[in-house]
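Working notes, structure below.
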Amino acid sequence: MKKEPRITTASGRYFLTDRIRDEVDFQSTPQSQGVPRRPVQKPLPAGSRLIPLPGRDSWSIPFCNLEDAMAERQSHRHFTDEPLTLAELAFLLWATQGVRETLHPAAVLRTVPSAGCRHPFETYLAVLNVEGLDSGLYRYLPLEHALVRLREVDNLPAHLVDACRGQKFSGAAAVTFFWTVIPLRTEWRYGEASYKVIALDAGHLCQNLYLACAAIKAGTCAIAAYNQTLADELLGVDGEEEFTIYIAPVGKTPAPQ
């Protein structure tokens, strides 16, 4: 029996409009009810060891200018065997979710915009070829500008390809970025109006990754077609209160012919 679609064309298009904002009772949102904000960063697992990342004052990256980065921005699905340096990875992480200023423990300004300064994302990394890092799964900690290693994964490239619905370049990258979303961070302020702006926010951070990759002569290709269950299981998230929303493999690209 053919499966009925869960979203009709009309309801899907309605999601893209801002009519929902007129239907939200903002007096009943968790913010208006005095519920504390969600933390801007997930807590660390007990016994975690932080891996500090190089900061802006120590990067030795031959940056191109913004005009060049925008002109050279394109999707790349072919990568070389050249590793990313730890400084290059640190730059990409800072460019996508780096903290510019902490306003207070529940609000930070980052390198990308986010509706209401809610920043609902967490960044996970499937590392395969980064200097100084063992292969495995990591999570980025923007407040500390550091990584925490989560676990080793046997045959990680195969798991990446499976999670990305057979897209083989995901398993050939130096590192694959997984962004998860914790909707409650945005729902706290915007209720049912959260979902359009969460999708917009995801676009902001991935575009920064594209431009940052162009600046270091690397490349990426955003993946929105992935297996939700396999991606969430790989990261160890529950799929309800936190789930994968976007994926982007990154690697050094072949020289133009």
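Counting in the working numbering, the sequence shown runs from 4 upward without gaps.
We treat Cβ as the ideally placed atom computed from N, Cα and C, and that holds for glycine.
Keep in mind it's a predicted model, so treat the numbers as computed, not measured.
So which of the options has the shortest CA-CA distance to residue i?
i	options	result
V130	G101, A166, N68 and A177	A177
E236	L136, L208, F181 and Q170	F181
S117	N230, C209 and V253	C209
G50	L153, V164 and K220	L153
C224	R103, C67, D25 and G254	G254
Y17	L214, K199 and N211	K199
P55	I250, L146 and V164	L146
V38	T189, F246 and E125	T189
R270	A228, L128 and A217	Because the chain spans 4 through 260 in this model, residue 270 falls outside it and cannot be assessed.
I64	D204, K171, A93 and E70	A93
L53	V240, L150, Q36 and L87	L150
V111	A74, R40 and E91	R40
L163	I226, D60, P86 and S14	I226
P123	E26, I248 and T256	I248
T20	E70, A258, L203 and I219	L203
P252	K171, M73, D241 and P42	K171
R121	A258, L187 and L69	L187
L87	Y127, A72 and L136	L136
I250	D25, Y127 and R192	Y127
P42	A109, Q36, S31 and R22	A109
A258	R9, A161 and E85	E85
Which partner residues does residue i have in the DSSP bridge list?
i	result
L87	V133
L128	Y141 and F180
L47	According to DSSP, which records beta bridges pairwise, L47 is partnered with nothing at all.
R103	In DSSP, R103 forms no bridge with anything.
T247	T183
P252	T179
R113	V102
L150	I54 and Y143
To the nearest whole angstrom, what separates the beta carbons of residue i and residue j, a pair I think is in contact under 8 Å?
i	j	result
E155	S138	7 Å
R76	L214	6 Å
Y264	L96	Given that the chain is displayed from residue 4 to residue 260, the structure contains no residue 264 and the question cannot be resolved.
E245	I185	5 Å
H148	G206	Between G206 and H148 the Cβ distance is about 24 Å, and since that is not below 8 Å, they are no contact.
S183	E125	The amino acid occupying residue 183 in the given sequence is Thr; Ser does not appear at that position. Between E125 and T183 the Cβ distance is about 5 Å, and since that is below 8 Å, they are a contact.
V133	L89	6 Å
V233	A166	Correcting the residue type first, residue 233 is Leu in the shown sequence and not Val. Between A166 and L233 the Cβ distance is about 4 Å, and since that is below 8 Å, they are a contact.
A217	C67	7 Å
I219	E70	I219 to E70, Cβ: 16 Å. No contact.
G119	R192	5 Å
Problem set entry | 3 or more residues per run - each beta strand (DSSP E) lying fully within the stretch 175–243 | 178–184 and 221–223
Exercise. Using 8 Å as the threshold, is the stretch 156–166 in touch with the stretch 93–110, meaning 3 or more CB pairs across them?
Worked result: Short answer: they don't touch.
Exercise. Would you call the stretch 33–52 and the stretch 79–91 in contact, with 3 or more CB pairs under 8 Å?
Worked result: no
Exercise. Using 8 Å as the Cβ pair cut-off and three pairs as the minimum, do the stretch 188–197 and the stretch 87–103 touch?
Worked result: no
For this session: Any chance you could list the alpha helix (DSSP H) runs of at least 4 consecutive residues sitting entirely within the stretch 48–81, in chain order?
Result: 69–75
For this session: Please list the segments of the alpha helix (DSSP H) lying wholly inside the stretch 5–32, counting only runs of 4 or more residues, in order along the chain.
Result: 12–19
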